[in-house]
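K.L.:
Quick note on our numbering: the sequence shown kicks off at 570 and runs consecutively. The structure's right below; bear with me while I get my questions together.
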Amino acid sequence: MDAASRVLSYAGWAFLPGIATSFLQNLYYRITISAGTPHPQPGSARHARHRRRIHVAVISSYLLYTIYEEYHSLRVAPDFYQILGVLPTSDERTIKSRFRRLATVFHPDKARQNGLGSAAEDGSTVDEFFVLLKLAQDTLLDPVKRFAYDRFGAGVVVRPEGPSKTLSTATYFYEGLYALAPQYLVGFLLMVLLNTFWFSAWGRYWRFYTFFALLTLELTLLTHPNATFMPGAYLPAMLSNLLGLDRFYLLPFQILSLARTASMSMNVFISQLAPPEATLQASRSKGRGGEGLGVQAQKQLTQVVQLAQAQDAESAKLLGMDMLPFRGDVDRVGRLRRGMKERLRREEAGQAPEVQQAISAAKQRRQQGRNEQQ
């Protein structure tokens, strides 16, 4: 995944879950609630419960999509093993044999004789592709460069001083660590600032847990001698061939790229997953500078809540008195419910734009008829 796609993917967390949740909630009510029955109103407990469940499903799906998008981009971009058509377990003899076969086809002189214009799917010329083949072979035949490539990618073996410069394994390793150290330092400071001034306290432990889990995974894969993930090696040959895992693998730098995307997305996912009361409390703390409401405002708010509760109790009492004649009579209660539903359907149908236009047209014709009679 390139930088632009990664930025757009992270930016989508800011507005896509809210839009998708509102759309799916309205669609859910249209499908599950019959016509004439009122939908749960925003602010009600039922509406909040449904929105919470749909929101969790949406952000979980978006988290899985973000991880899959990164995985797909890693599988589409060919690595040196895929370019040569070998596996990470292939020995030196297999790599040389495979390179000789490809060189007979993609060598610039041979390719021009065969009339090949381009050799790669991205439109690169035969010369460029052959140079890439040669770089892949030289990297995989050199144990030091192969160690560095598996853990840091192609950028660490393509050096500005040229291929003649030979470096040790420790040099490649420490150069990779020096490149990663600022990223983790800035990421840690940014996480501390966000958890202090922006994110709610809910889920703070898991945010730091994912960060240090990623750091532990990175150090483990960088120092482990056999860090390539090949699930086919742990399965029987027949089952591995049946599942198509005989040639599946993930190099350490591919695993780490996928883990970084998962860690970043997981931090945003945890923030989106926070309960509404935790988010509201954090917003109030930021808006009031952490001081909360004043004493007078709290008294007024308490009075408003008490008046609302008293009004609600009075309304429930009046409704109970109106429904007293129907208590214990199942048939009359059923007729009452059907009548109320029918009335709601008629009112909803009467509020439709087509019906309103028809009523207006009928009134105009009636008024014109009266004027003509006069």
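The beta-carbon is built from N, C-alpha and C at its ideal position, and this holds for glycine as well.
Whole angstroms is fine: what's the gap from K910's alpha carbon to F592's?
P.N.:
Spanning the two alpha carbons is a distance of roughly 26 Å.
K.L.:
The alpha helix (DSSP H) spanning S666 covers which residue range?
P.N.:
Note, S666: alpha helix (DSSP H), E661 to F675.
K.L.:
Whose C-beta lies closer than 8 Å to the C-beta of K665 among residues of the same chain, with five residues either side of it excluded?
P.N.:
Excluding residues within five positions, the ones whose Cβ falls inside 8 Å are Q706 and L710.
K.L.:
Answer with buried or exposed for K886, where buried requires no fewer than 16 other C-beta atoms within 10 angstroms of its C-beta.
P.N.:
Per the 10 Å Cβ criterion, exposed.
K.L.:
Roughly how many angstroms lie between the CA atoms of L783 and T673, to the nearest whole one?
P.N.:
Distance between the alpha carbons of L783 and T673 is about 44 Å.
K.L.:
With a threshold of 8 Å, are at least 3 pairs of Cβ atoms found where one atom belongs to the segment 819-838 and the other to the segment 766-786?
P.N.:
Yes: at least three Cβ pairs fall under 8 Å.
K.L.:
Would P821 and R670 be called neighbours here (beta carbons separated by less than 8 Å)?
P.N.:
Contact flag unset, no.
K.L.:
L653 and F675: beta carbons closer than 8 Å?
P.N.:
Not closer than 8 Å, so no.
K.L.:
For F798, name the three-state secondary structure that DSSP assigns.
P.N.:
F798 falls in the strand class under three-state DSSP.
K.L.:
Would T708 be called buried (16 or more neighbouring beta carbons within 10 Å of its own) or exposed?
P.N.:
Buried, since its Cβ has 16 or more Cβ neighbours within 10 Å.
K.L.:
Within the continuous alpha helix (DSSP H) that includes F945, where are the two ends?
P.N.:
Here the chain covers residues 570 to 943 and nothing more, so residue 945 does not appear.
K.L.:
Are G772 and A843 close, meaning C-beta to C-beta below 8 Å?
P.N.:
Taking 8 Å as the Cβ cut-off, G772 and A843 qualify as a contacting pair.
K.L.:
Where does W767 land, buried or exposed, given buried means 16+ other C-beta within 10 angstroms?
P.N.:
W767 comes out exposed.
K.L.:
By how many angstroms is the C-alpha of W775 removed from the C-alpha of G859?
P.N.:
With a pLDDT of only 45 at G859, under 50, the local geometry of the prediction cannot be trusted, and no value is derived from it.
K.L.:
Identify whether T658 lies in helix, strand or coil by the three-state DSSP scheme.
P.N.:
If DSSP states are grouped into helix, strand and coil, T658 belongs with coil.
K.L.:
How do the segment 804-820 and the segment 644-658 stand: do at least 3 beta-carbon pairs fall below 8 Å, yes or no?
P.N.:
Contact holds: three or more Cβ-Cβ distances are below 8 Å.
K.L.:
For T606, does the three-state DSSP call read helix, strand or coil?
P.N.:
The answer is coil: DSSP assigns T606 none of H, G, I, E or B.
K.L.:
Assign A806 to one of two classes, buried (16 or more other C-beta atoms within 10 Å of its C-beta) or exposed (fewer than that).
P.N.:
Per the 10 Å Cβ criterion, exposed.
K.L.:
Run the CB neighbour count on L596, radius 10 Å, all protein chains shown included, and call it buried at 16 or more, exposed below.
P.N.:
So L596 counts as exposed.
K.L.:
If distances are taken between C-alpha atoms only, which option among I600, G605, P586 and A580 comes closest to P917?
P.N.:
Note that residue 917 is Glu in the sequence shown here, rather than Pro. Out of I600, G605, P586 and A580, G605 has the C-alpha closest to the C-alpha of E917.
K.L.:
Using the Cα positions of G889 and R621, report the straight-line distance between them to the nearest angstrom.
P.N.:
Near 32 Å, if we compare the C-alpha coordinates of R621 and G889.
K.L.:
Grab the span of the alpha helix (DSSP H) containing A705 for me, first residue to last.
P.N.:
First-last of the alpha helix (DSSP H) with A705: V695 to L710.
K.L.:
Give the secondary structure of L819 by DSSP, where H, G and I count as helix, E and B as strand, and everything else as coil.
P.N.:
If DSSP states are grouped into helix, strand and coil, L819 belongs with the strands.
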